[in-house]
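Enquirer: Residue numbers (our numbering): 22 to 317. Glycine is no exception: its CB is placed at the ideal position from the N, C-alpha and C atoms.
Here it is, written out as structure tokens:
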């Protein structure tokens, strides 16, 4: 059985090759294409599409569906990073150890690159869907749209910005932000992978709960890294949350309590998986502890 790193590398290579094919474009202005491709090629473990492929494989689903959906999800995730870094949002100059998109291409082209990635993701997924003509595949695309949209990731980003201007400092607000801003696209990733097969309602509910927990876990570890990580490993400017007086798990609970919360949530995610899948989803267990123990 492949270990986590080997399987993640295998899945990442599949997604990277697919994205390379997706960005062979003939009718797109060169500057726009270059700006989109710059952020797509910026690196990362591709954990969201890896989850899509992993869940698909666990449930014996159609790998072709998962590859197309996973690569579309990665485009959506990348658009969100470009927009998140803009001066009107989080105002970050670095992303994954490289200058942010707007630092290279300017704010206007960065905005358009994000717009392009978001819309192209759905063109990419739905063009394939016409050929697949499978109801569960269309359900997966609808789930991705919902989780990325105005009741999902975009809603979380909106409330995050409001919390900075209005000084909201409570636990409910913080959890709302990251259930949507961070967890929703992870939920979309696992649900999309499941819908490449014929999942039961219980499997879908378990996967949704699991992804919500690892989404919150991801954000807690991100906040801890911002407070005490190594900037050369993390690949972005650290201590910005404190400087910007941003509502985070560390600002609300402190580093040590945040670490304890992360351990507890990791254990909850593991128990939740076990109730439905038993030992038959090692990759999903490994993802929990990759997130918990990450240093970048």
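1. If you follow the alpha helix (DSSP H) that residue 204 is in, where does it begin and where does it stop?
2. I'd like the list of long-range same chain contacts for residue 282, defined as Cβ closer than 8 Å, with 5 residues on each side in sequence excluded.
3. According to the neighbour-count rule (16 or more other Cβ atoms, all chains shown, within 10 Å of its Cβ), is residue 187 buried or exposed?
4. Taking the straight line between their C-alpha atoms, what separation do you get for residue 301 and residue 150?
5. What does residue 120 pair with, by DSSP beta-bridge criteria?
6. Would residue 197 and residue 290 qualify as a contact pair, given that the criterion is a beta-carbon distance under 8 Å?
7. Taking 6 Å as the limit between beta carbons, can you name the residues of its chain near residue 106, skipping five residues before and five after?
8. Considering just the uninterrupted stretch of the alpha helix (DSSP H) at residue 157, what are its terminal residues?
9. Using the three-state DSSP reduction, which class does residue 183 fall into: helix, strand or coil?
10. Pull up the distance between the alpha-carbon of residue 165 and that of residue 143, whole angstroms please.
11. Please name the residue, chosen from 173, 170 and 209, that lies closest to residue 69 on a Cα-to-Cα basis.
12. From residue 178 to residue 298, what does the alpha carbon distance come to, in whole angstroms?
13. Is residue 220 buried or exposed, if buried means 16 or more other CB atoms sit within 10 Å of its CB?
14. Compare the beta carbon distance of residue 32 and residue 75 with 8 Å and say whether it is the shorter of the two.
15. Just to confirm the assignment, what range does the alpha helix (DSSP H) spanning residue 41 have?
16. Let me know if residue 23 comes out buried or exposed under the rule of 16 or more other beta-carbons within 10 Å of its beta-carbon.
17. Within its chain, find whatever has a CB closer than 8 Å to the CB of residue 110; leave out the 5 residues flanking it on each side and keep chain order.
18. Using only alpha-carbon positions, find the residue among 64, 293, 218 and 101 that is nearest to residue 82.
19. Return the residue from the list 97, 91, 78 and 129 that minimises the CA-CA distance to residue 53.
20. Whole angstroms is fine: what's the gap from residue 316's alpha carbon to residue 249's?
21. So, is residue 205 buried or exposed, given that buried needs 16 or more other C-beta atoms within 10 angstroms?
Expert: Well, looking at it:
1. In the DSSP assignment, residue 204 falls outside any alpha helix (DSSP H), carrying neither H nor E.
2. 241, 270 and 274
3. exposed
4. 29 Å
5. 115
6. no
7. 113, 116 and 121
8. Per DSSP, residue 157 belongs to the alpha helix (DSSP H) from 156 to 169.
9. helix
10. 9 Å
11. 209
12. Near 33 Å, if we compare the C-alpha coordinates of residue 298 and residue 178.
13. buried
14. yes
15. 25 to 43
16. exposed
17. 104, 178 and 182
18. 218
19. 129
20. 10 Å
21. buried
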